[in-house]
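**Q**
Number of protein chains: 2
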Amino acid sequence: MRGSLEIPENLLPLQAALTRGIERVQACFDAHLDSDLPPVARLCRHVERYRGKMLRPSLTLLCGLAADARAADFDAAITNQQVSVAAVCEMVHMATLVHDDVLDESDTRRSGQTVNRLHGNETAVMLGDLLIASAFRLCASIDAPTALAVGRASVELCEGELLQLHHRDSWSIDEPTYFEIINRKTAALIAVACELGAIHAGASPPLASSLAAFGRRLGVAFQIQDDLLDLMGERSMLGKPVHKDLEKGKPTLPVIHHLATASPRDRSRMLDLLDHAAIEMTPDVADRIAVALDSTGSIEHARRRAGTLVSQAVAELDHVADSPARALLRVMADTVVARSR
Amino acid sequence: MRGSLEIPENLLPLQAALTRGIERVQACFDAHLDSDLPPVARLCRHVERYRGKMLRPSLTLLCGLAADARAADFDAAITNQQVSVAAVCEMVHMATLVHDDVLDESDTRRSGQTVNRLHGNETAVMLGDLLIASAFRLCASIDAPTALAVGRASVELCEGELLQLHHRDSWSIDEPTYFEIINRKTAALIAVACELGAIHAGASPPLASSLAAFGRRLGVAFQIQDDLLDLMGERSMLGKPVHKDLEKGKPTLPVIHHLATASPRDRSRMLDLLDHAAIEMTPDVADRIAVALDSTGSIEHARRRAGTLVSQAVAELDHVADSPARALLRVMADTVVARSR
């Protein structure tokens, strides 16, 4: 999560090594996504511009370093295999971004134009498929257990997206259903990014499980915060459109909490506002939704849930030996809920 | 390729064993595509209805039997691992069908409604992704080389689709470009279906290569025939819409040959007809295109190319020991160009 961390001074050497590690991940990503067909290679280079926070690769590398606590030379401890695993996780994530843009009919992503906008939905669908296939080809070249873990996480991810689509416009789903959705669509891949980083650093099964559990809880918190930013954020800050969830009928935690706790009158007022938002999201509608959600403490409720999940994630790190990597994972965990983009 | 073969009497016991093998493939497919989430499980059951010729699984099982020529008990020779490999190939193929329907905006597939028609494009994209992820999860559970081979074939498949999209409406691409497209988008997966069937029957590398080459050439022939059926076929025979390629601006072999060989006047007349077809494909336009293609022998040219490729595929079987499975592979190869659906 480059650029959004406040790093204590003693962790700066590790942070610098992590930055160099992420550069290796990017080089690996680009090399494995290349094609001998020039038009395909050009499309692949477009995807490389989508690169964002690199959350998943950072977690893979840091969990590897945390699992190998005696590592003194951080750069040497980041093996090529770990770099490949990190690139695989980012590639699967990138595939979901490309397909999400088709689903969301988005025109911009990370302040650039989307593939579907530039080349049509068909190309965007196929390019997403190419990313998935390239990710699997790369992880099959590592070993079968790694490929199996990535396959399982990818299945979970698709199930989560399908469950979300199934509940589109179902504003009154309960919280367990919301958590089922985001646990699969977001947390599964983040958990496996952490777990595989640990495993490829030689972690024992219990240690790898602790880091997987860390990623799982952090991933759920990350998605709650993502949903909050879509609801409350500003386009200029995020570099992508906001209020997409409401426009696309995706129920998120503050809305679910509000509808479950508001008076019947406020509840039906919110449902009216959501109907409006689905047709056209004006600044006025957005403001009135925000005020209503605040009146029932629903924003605060979502923030608190995210905060609790981060605490639970950090508690998993108690099973990990003290090291600079563990300390930096704690900083990253806190940043997930503190971030504004 | 159930139901479309004329089987010599001495091969009927093998054909019956193949049918039982395909039933095991279907059971494996269904079991691995299930989900603990009821709405997702319901979508998966919809995909199971798409099941068609089962060309790829049939080739996997038959290439396995051909590689293991001493096998007397066909049923016992079809191992669970081969059944899994066959299911993986069909799952990857099915994913491309689901995504093709989104790309083609198709409403019907195998005489039923498509996922995109019933549940929207978003669900169809994600369901295709679930099929890909499930295929990779299943093949990673076999072994790393199998997963790597399927990953490579899937990358080729996506590259072929992207190259085809890149050349959309480019009616005058040359034949090598057309063959580059169909070699990747269709033949790569058919080749790996044959190769992995052989490998999992303990084939030597040269034998596996011969069966891969058999599948590669057969796959190219299969796509030429598929394109011919789209051009000349009737909806009632195929159970799917025809003339899709022309409507979607996909240059196919007869059109490419015609434009390369027709007089300048006939050439510009064809380009006019293709413009018409892209806007609205009427029976009159379809007839005039067919007559024009026939006048330059372009249909015959495509049929001949497919026939030559089938002969080349069959010649690869000379490297395989004589057996009922080899004989049935020859029958299947001939059927690829003789089929009318």
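Chains A and B, in that order, give the protein sequences. Note that the working numbering numbers the first sequence so that position 333 is 333, with each residue one more than the last. Note that the working numbering numbers the second sequence so that position 86 is 1086, with each residue one more than the last. Note that CB positions come from ideal geometry on N, CA and C, so glycine has one too.
1) When you compare the CB positions of A:R56 and A:H32, do they come within less than 7 Å of one another, or not?
2) Please work out which residues of its chain come closer than 8 Å, Cβ to Cβ, to B:V1285, disregarding the five sequence neighbours upstream and downstream, and give them in chain order.
3) Should B:C967 and B:A1193 be called a contact, given that it needs their Cβ atoms to be closer than 7 Å?
4) Hey, quick one: how far does the alpha helix (DSSP H) through A:V285 stretch, first residue to last?
5) Specify the secondary structure class of A:M54 as computed by DSSP and reduced to three states.
6) By DSSP, does A:E6 sit in helix, in strand, or in coil?
7) Let me check understanding here. Comparing Cα to Cα, which of A:C139, A:D334 and A:S172 lies closest to A:T362?
8) Measuring only the C-alpha atoms, how far is B:N1010 from B:A1327?
9) For the segment 1038-1047 of chain B against the segment 157-166 of chain A, do three or more pairs of beta-carbon atoms, one drawn from each stretch, fall closer than 8 Å, so that the two count as touching?
10) What three-state label does DSSP hand A:T60 in the structure shown?
11) Taking 7 Å as the CB-CB limit, is A:H276 close to chain B?
12) Under three-state DSSP, which class holds B:S1134?
13) Roughly how many angstroms separate the alpha carbons of B:Y1050 and B:A1067, rounded to a whole number?
14) Smallest Cα separation from A:M281: which of A:M54, A:V242 and A:K250?
15) If you check the beta carbons only, do B:I1132 and B:A1095 fall under 7 Å apart?
16) Report the option in A:S209, A:V150, A:G307 and A:M91 whose CA atom is closest to the CA atom of A:L218.
17) Name the chain B residues that come within less than 8 Å of A:I173, Cβ to Cβ?
18) How about B:T1123: is its C-beta nearer than 7 Å to some C-beta of chain A?
19) Is it buried or exposed, A:R2, if we count other Cβ atoms within 10 angstroms and call 16 or more buried?
20) Chain B beta carbons: is any one of them nearer than 7 Å to that of A:R49?
21) Under 9 Å Cβ-Cβ, which residues of chain B neighbour A:R152?
22) Could you say which of B:H1200, B:V1255 and B:D1322 lies nearest to B:G1064 if we only look at CA atoms?
23) At 4 residues or longer, and completely inside the segment 1145-1183 of chain B: list those alpha helix (DSSP H) runs for me, N to C.
24) Is it true that the CB of B:A1188 sits closer than 7 Å to the CB of B:L1211?
25) From A:V85, A:D100, A:T123 and A:L317, pick the residue whose C-alpha is nearest to that of A:L43; which is it?
26) When you compare only the Cα positions, how much space is there between A:A290 and A:D245?
27) Suppose contacts are defined by Cβ-Cβ distances below 7 Å. Is A:F179 in contact with A:E316 by that definition?
28) Would B:A1333 pass as a contact of B:V1320 if the rule is Cβ separation under 7 Å?
29) By Cβ distance below 6 Å, which residues in the same chain neighbour B:A1087 in space, the five residues on each side in sequence not counted?
30) Along chain A, which residues have their Cβ under 8 Å away from the Cβ of B:L1253?
31) List, in chain order, every chain B residue whose beta-carbon is nearer than 9 Å to that of A:A86.
32) Terminal residues of the continuous alpha helix (DSSP H) containing A:I199?
33) To the nearest angstrom, how far is it from the Cα of B:M1054 to the Cα of B:A1338?
34) If we cut at 7 Å on Cβ distances, does A:C158 have a partner in chain B?
35) Between the beta-carbon of A:T60 and the beta-carbon of A:G197, is there less than 7 Å?
36) By the 7 Å beta-carbon criterion, what residues does the segment 1311-1334 of chain B contribute toward chain A?
**A** Walking through what the data contain:
1) Cβ distance not < 7 Å, so A:R56 and A:H32 don't count as in contact.
2) Correct list, in chain order: L1273, H1276 and A1277.
3) A query on residue 967 of chain B cannot be resolved here, the shown segment of chain B reaching from 1001 to 1341 and no further.
4) The continuous alpha helix (DSSP H) containing A:V285 extends over residues P283 to S295.
5) DSSP places A:M54 in coil when its eight states are reduced to three.
6) The answer is coil: DSSP assigns A:E6 none of H, G, I, E or B.
7) Since the displayed chain A opens at 1 and closes at 341, residue 362 of chain A lies outside it and no answer follows.
8) The alpha-carbon atoms of B:N1010 and B:A1327 are separated by roughly 10 Å.
9) Here the segment 1038-1047 of chain B lies against the segment 157-166 of chain A, with 3 or more beta-carbon pairs under 8 Å apart.
10) A:T60 falls in the helix class under three-state DSSP.
11) It does not: the Cβ of A:H276 has no partner Cβ on chain B nearer than 7 Å.
12) Judged by DSSP in its simplified three-state form, B:S1134 adopts helix.
13) The straight-line gap separating the alpha-carbon atoms of B:Y1050 and B:A1067 is approximately 30 Å.
14) The option with the nearest alpha carbon to A:M281 is A:V242.
15) Taking the C-beta atoms as reference points, B:A1095 is found nearer than 7 Å to B:I1132.
16) Of the candidates A:S209, A:V150, A:G307 and A:M91, the one whose C-alpha sits nearest the C-alpha of A:L218 is A:G307.
17) None at all; the shortest Cβ gap to chain B is about 12 Å.
18) It does; some Cβ of chain A falls within 7 Å.
19) For A:R2, the pLDDT reaches just 44, beneath the cut-off of 50, and the residue's location in the model is therefore unreliable, leaving the point undetermined.
20) Taking Cβ atoms only, chain B never reaches closer than 7 Å to A:R49, which makes this a no.
21) Under the 9 Å cutoff, chain B gives A1133, R1137 and A1140.
22) Just measuring C-alpha positions, the residue of B:H1200, B:V1255 and B:D1322 sitting nearest B:G1064 is B:H1200.
23) The qualifying runs are 1175-1182.
24) It is not a contact, given that the beta carbons lie outside the stated cut-off.
25) Considering only alpha carbons, the answer is A:T123.
26) Rounded to the nearest whole angstrom, the C-alpha separation of A:A290 and A:D245 is 14 Å.
27) No, these two residues do not count as a Cβ contact at 7 Å.
28) When the beta-carbon positions are compared, B:A1333 and B:V1320 stay at least 7 Å from each other.
29) Within its own chain, the residues whose Cβ lies closer than 6 Å to the Cβ of B:A1087, once the five positions on either side in sequence are excluded, are V1025, C1028 and F1029, listed in chain order.
30) Taking a Cβ-Cβ threshold of 8 Å, none of the residues of chain A is close to B:L1253; the smallest such distance is about 19 Å.
31) Neighbours of A:A86 on chain B: none; closest Cβ ~18 Å, over 9 Å.
32) Residues A188 to I199.
33) Between B:M1054 and B:A1338, the C-alpha separation is close to 17 Å.
34) Yes - at least one Cβ of chain B is within 7 Å of the one on A:C158.
35) Contact: yes.
36) Cβ contacts with chain A: none found.
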